[in-house]
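Line by line, the protein sequences are chains W and V.
Sequence positions in the first sequence follow my numbering and run -15 to 334.
Sequence positions in the second sequence follow my numbering and run -15 to 334.
Don't be surprised by glycine CBs; every beta carbon is placed ideally from N, CA and C.
What you are looking at is a predicted structure, and each value in this text was computed from that prediction instead of being measured.
There are 2 protein chains.
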Amino acid sequence: MSDNNLVISVDAMGGDNSPRVVVEGINIAHKNNKDINFLLFGDEVKVNAELKRFPQLKHCCTVVHTNEFVHNEDKPSQVIRNKNTSMYMAIDAVRQGNAMAVVSAGNTGALMAISKMILKTMHRLHRPAICTNIPHKDGMCVMLDLGANTECNAVNLAEFAIIGNILARHTLGIERPRIALLNIGAEEMKGRDEIHQAAKMIRNTHLDLNFIGYIEPHQIGEGYADVIVSDGFTGNIALKTMEGTAKLVARMLKKTIKHSIMAKIGLPFLLPVLWGMKKTMDPRKYNGAMFVGLNGLSVKSHGGTDALGFSYAVDNAAKLIRQNFVQTIREEVEHVDLDELSQEMLYDVY
Amino acid sequence: MSDNNLVISVDAMGGDNSPRVVVEGINIAHKNNKDINFLLFGDEVKVNAELKRFPQLKHCCTVVHTNEFVHNEDKPSQVIRNKNTSMYMAIDAVRQGNAMAVVSAGNTGALMAISKMILKTMHRLHRPAICTNIPHKDGMCVMLDLGANTECNAVNLAEFAIIGNILARHTLGIERPRIALLNIGAEEMKGRDEIHQAAKMIRNTHLDLNFIGYIEPHQIGEGYADVIVSDGFTGNIALKTMEGTAKLVARMLKKTIKHSIMAKIGLPFLLPVLWGMKKTMDPRKYNGAMFVGLNGLSVKSHGGTDALGFSYAVDNAAKLIRQNFVQTIREEVEHVDLDELSQEMLYDVY
């Protein structure tokens, strides 16, 4: 595939302050990805008004009009069959082959439900997952599921371990990723049944996975594992707790410095360091969660992000297209005997 | 109750590096609580060897010998009926009226199981919970359950809301605590079924609770709620994620400063501030999780804490004894129509 033909479809009406933030984000992403063409789905009057501010985007953006949108408060079941929403049409462009990935900052539940319905879950997999890379003290690790599946059984978790293994190898370049199940204790009997069963399954498969057992949340930052597997509820709780805690610490530091004259004297010397750290930990840099396990590339941007954050989601989609991400996962999953996992589960039940 | 009679029973063999850390912790706690007598259960040779280092503890510590102990890797079911362990005997001292609270840094699952069996769950409650106070940007909030109940139904969660309400009023002095259920979204349909049902129950009871709906983990630090309610698995995940993230941020700051000459110049000016912040956020200060909903006071210290951390757990137990904590909860729960909650649940099912 030539890099000259990259096309990304964008739900221009998704997220807070759309389409302004979306178009500004595309403009930032365009600077680093001159080879990408964008298909923008949304209210053409509004989208064109934003595009006018960036003449350099004229040749690479095509606007497709729609006057229906998915709102944040819409239930996925309400909007899933509405083929006229910007979100639906943007995803459908991937199915039709008009785009190689879709990016949306809209309603996560709806994006997952529509992506699943249109792009379909990959052959041999039971459930797709939402996945992202997060930083730890020595680098990055892959975390999944982050919210696609509120409840998961052991087979789902074991499948996520397999998908996570592929992701860590291909997106982080780790040869033999250490895979762990997120749990509330290291001991065999701690936590929920489905986690125990999943551990057993992963150990019992003939896959050559580097499974290291359970990881507790406070160990994630220590870099003990390269792939952190959990159900979507737990993963979402952990991810949002990280976000909130990092913010709280930064806020407390600011507040304490503000009240100390001594600290104010020393602060200018530390500013470059603090700025550098803020940059390293900037959640916008990690924006662009991947929906993995679908026959097409769907990338979710944080709904409340700004233009820079949205541009990172686009960058991420472009990177995954260039890595031939979907095809790579499909090929690896084809060689994995996932039925073995289900059998394992049946033995356990009967 | 005269303050001259406070007795706390201690599982001297619980936690890493026991009984050394335990005895050193008691010595620190003793300085601020001269009125407390301690009943120490454990290997008398080892415990007395440690006590010898602190002659000032001689008059306030009584050692009761036992040569059996609960280990960290013991399953609660294996040890629950062994009446000769230091943990069992320390808890039983509360039932017998020889102590007003028990403190242990041992196996959490075993401590909860034995406490529950010996002290019994309070009349009208279905399940006890593990609870602690955590900091947010403007103060503190109460969080429960933190690990006693891996799975919870809606009634359990609603009961925790009621207990949390009492706790926030009495331990934090908040007149009308804002109560929230921990969830992965603010919208009505987000998250798990039992959470939706619990929200409905809490709203429908005739209790005058200040229920504000769902809270997402990144909002905890913002101080949106005074009581955060979740099942024990989710609460444990969130708490340990906070711990890990705070540590990661501190570690990254340290590392970045180390590599910058400028930062090293400014650092001395900021040291008092950084030390102050480290002190504020020191997890040892928040050590001593309460088991609430039992007919007796059982306090869990972190297993890996040091003497200072253990002393905070003892301090906390002493504070709760002085507040007549168990009796207060019992009286309030007696006036709460918890059966109403169960009825609500039945209506929902049938």
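Proximity to residue i [Cα-Cα], best of the options
i	options	result
V:Ala302	V:Met(-3), V:Gly(-2), V:His14	V:His14
V:Val7	V:Ile179, V:Ser244, V:Asp27	V:Asp27
W:Ile12	W:Asp290, W:Val(-9), W:Val211	W:Asp290
V:Phe195	V:Asn16, V:Ile212, V:Gly207	V:Ile212
W:Leu232	V:Asp215, V:Trp259, V:Gln203, V:Lys239	V:Gln203
W:Ser2	W:Gly131, W:Gln40, W:Phe294	W:Phe294
V:Ile146	V:Asn167, V:His110, V:Ile118	V:His110
V:Val87	V:Ile118, V:Leu304, V:Ile221, V:Pro161	V:Leu304
W:Ile150	W:Met127, W:Gly131, W:Leu166	W:Met127
V:Lys269	V:Met(-3), V:Gly9, V:Asn279	V:Gly9
V:Ala209	V:Leu166, V:Ile313, V:Pro267	V:Leu166
W:Thr105	W:Trp259, W:Gly277, W:Thr134	W:Gly277
V:Ala183	V:Ile(-8), V:Ser214, V:Phe309	V:Ser214
W:Thr225	V:Glu206, V:Arg108, V:Asp299	V:Glu206
W:Val(-9)	W:Ala234, W:Gln40, W:Asn82, W:Asn188	W:Asn82
V:Val31	V:Asp(-5), V:Asn300, V:Arg235	V:Asp(-5)
W:Ala234	W:Gly219, W:Trp259, W:Thr218, W:Leu223	W:Trp259
W:Asn308	W:Gln181, W:Asp177, W:Thr155, W:Lys284	W:Thr155
W:Cys136	W:Gly157, W:Met236, W:Ile179, W:Lys239	W:Ile179
V:Cys44	V:Val5, V:Asn17, V:Asn66, V:Ile221	V:Asn17
W:Ala142	W:Thr134, W:Arg153, W:Asp129	W:Asp129
V:Thr189	V:Asp299, V:Lys36, V:Ser61, V:Val320	V:Val320
W:Asn117	W:Glu318, W:Ile313, W:Met265	W:Met265
W:Asp122	V:Ser282, V:Lys239, V:Asn140, V:Gly272	V:Lys239
W:Arg314	W:Leu191, W:Arg108, W:Pro39, W:Val29	W:Arg108
Where residue i falls, given that 16 or more other Cβ within 10 Å makes a residue buried
i	result
V:Met96	buried
V:His286	buried
V:Pro252	exposed
W:Leu193	buried
W:Asn(-11)	exposed
V:Glu200	buried
W:Arg162	buried
W:Met173	exposed
W:Asp(-13)	Confidence at W:Asp(-13) is low in this model, with a pLDDT of 46, below 50, so its placement is unreliable and the value that follows should be read with caution. It counts as exposed.
V:Ala74	buried
V:Lys42	exposed
W:Ile311	Correcting the residue identity first, residue 311 of chain W is Gln in this sequence and not Ile. Label assigned to W:Gln311: exposed.
W:Leu23	buried
W:Gly58	The displayed chain sequence assigns Asp, not Gly, to residue 58 of chain W. Under this definition W:Asp58 is a buried residue.
V:His120	buried
W:Gln181	buried
Contact list for residue i against chain W, beta-carbon separation under 7 Å
i	result
V:Ala247	Phe253, Leu254, Val257
V:Gly205	Gly228, Thr229, Lys231, Leu232
V:Gly342	No information on residue 342 of chain V is available, as it lies outside the stretch -15 to 334 that chain V covers here.
Per-residue contacts from residue i into chain V (C-beta, under 8 Å)
i	result
W:His202	Lys224, Thr225, Glu227, Gly228, Lys231
W:Gly81	Those within 8 Å of W:Gly81 in chain V number zero; the least Cβ separation is about 33 Å.
W:Lys184	Correct list: empty, because the minimum Cβ distance to chain V is about 17 Å.
Cutoff 8 Å; reference residue i; Cβ partners in own chain excluding five residues on either side
i	result
V:Gly288	Gly(-1), Asp0
V:Ile241	Ala247, Lys248, Leu251
V:Pro112	Met96, Ser99, Lys100, Thr105, Met106, Ala132, Phe275, Val276, Gly277, Leu278
W:Asp76	Lys67, Ile102
Spatial neighbours of residue i in its chain, beta-carbon cut-off 6 Å, leaving aside the 5 residues before and after
i	result
W:Val54	Val63, Thr69, Met71, Gly90, Asn91, Ala94
W:Asn21	Val(-9), Cys44
W:Phe217	Thr134
Under 8 Å from the C-beta of residue i: neighbouring residues of chain W
i	result
V:Arg176	Thr134, Glu135, Phe217
V:Ile199	Neighbours of V:Ile199 on chain W: none; closest Cβ ~10 Å, over 8 Å.
V:Ile146	Within 8 Å Cβ-Cβ: nothing; V:Ile146 doesn't reach chain W, min ~23 Å.
V:Ile196	Neighbours of V:Ile196 on chain W: none; closest Cβ ~17 Å, over 8 Å.
V:Gly131	Ile168
Within chain W, the residues that residue i reaches when beta carbons sit closer than 9 Å
i	result
V:Ser244	Phe253, Leu254, Pro256, Val257, Gly260
V:Gly123	Neighbours of V:Gly123 on chain W: none; closest Cβ ~12 Å, over 9 Å.
Beta-carbon neighbours of residue i, restricted to chain V and to distances below 7 Å
i	result
W:Met173	Lys59
W:Thr336	Because chain W in this structure spans residues -15 to 334, residue 336 of chain W falls outside the shown range and cannot be described.
Residues near residue i by beta carbon distance below 7 Å, same chain, minus five either side
i	result
W:Arg79	Ile102, Leu103, Gly280
V:Glu316	Ile150
V:Arg160	Asn194
**OP:** Give, in chain order, every residue of the stretch 212 to 237 of chain V whose Cβ lies closer than 7 Å to some Cβ of chain W.
**Re:** Phe217, Thr218, Asn220, Ile221, Ala222, Lys224, Thr225, Met226, Glu227, Gly228, Thr229, Ala230, Lys231, Leu232, Val233, Arg235, Met236, Leu237
**OP:** Closer than 7 Å, Cβ to Cβ, to anything on chain V: give me those residues from the stretch 55 to 70 of chain W, in chain order.
**Re:** Glu57, Lys59
Original post:
Just by C-beta distance, which residues in the stretch 264 to 277 of chain V are closer than 9 Å to chain W?
Top reply: Thr264, Met265
Subject >> Residues of the stretch 280 to 305 of chain V with Cβ closer than 9 Å to any Cβ of chain W, in chain order >> reply: If the cut-off is 9 Å between Cβ atoms, the stretch 280 to 305 of chain V has nothing near chain W.
Original post:
Can you list, in chain order, the residues of the stretch 94 to 117 of chain W whose Cβ is nearer than 9 Å to any Cβ on chain V?
Top reply: none
Original post:
Of all the residues that make up the stretch 12 to 41 of chain V, which are near chain C by a beta-carbon distance shorter than 9 Å?
Top reply: The chain labelled as chain C is not found among the protein chains of the depicted structure, namely W and V.
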